[in-house]
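Worksheet: the structure to be examined is printed underneath.
Residue numbers (this note's numbering): 15 to 211.
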């Protein structure tokens, strides 16, 4: 299975819309985490089926290489595009977005393509715009066969340094990092700004 496959979209749907997750509203802490970052208008790169676009109350545009996932976003009345559709859209202009989010994306690709992906979409940020990288910790990394490399704080630091991004904050969420060895939903969060500003 690859992240472009319909099976991957179906997996995301089964995970996100599991009855117990809806009942317990497990997305609340992650929605809170995004809201307190004051991201403004967001370009969600690798938006999947729109979990973060929903958590952002629709204040953004999603891009994903999986056309099946993009269709699910649109069924939920979210703005989402495949990469080519995005390039042809009214949103593909310099300075359109306050921030860019890559949540659970860079662990799916090798370092060089990850740099290229971020660099490609940075041009659509306002000067000094935020770049937010979120990756799973150890237990979460092991839970998905489509993950190709572990990306912790060191790896994200190296990625940002190569792209001349200045890290302004990094933290473990929702629990301290050691919990991530056992709890699959613990995340690394890194916030940076473009151009070393």
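Quick reminder that beta carbons are idealized off the backbone N, C-alpha and C, glycines included.
The structure presented is a predicted model; accordingly, all values stated were derived computationally and were not measured.
May I ask you to list the residues that DSSP assigns as paired with residue i?
i           : result
residue 208 : DSSP, once it has assigned bridges, lists no residue as partnering residue 208.
residue 183 : 205
residue 149 : 202
residue 144 : 113 and 207
What is the DSSP secondary structure of residue i, counted as helix, strand or coil?
i           : result
residue 124 : coil
residue 112 : strand
residue 18  : coil
residue 49  : helix
residue 58  : strand
residue 193 : helix
residue 175 : helix
So residue i and residue j are supposed to be a Cβ contact under 8 angstroms. How far apart are they, rounded?
i           : j           : result
residue 131 : residue 58  : About 13 angstroms; that fails the 8 angstroms criterion.
residue 145 : residue 203 : Incorrect: roughly 12 angstroms between the Cβ atoms, too far for contact.
residue 26  : residue 83  : 7 angstroms
residue 71  : residue 44  : Rounded, the Cβ-Cβ distance is 13 angstroms, inconsistent with contact.
CA-CA distance, residue i and residue j?
i           : j           : result
residue 113 : residue 95  : 17 angstroms
residue 17  : residue 101 : 21 angstroms
residue 188 : residue 162 : 24 angstroms
residue 238 : residue 41  : Nothing in the structure corresponds to residue 238, since the chain is present only between 15 and 211.
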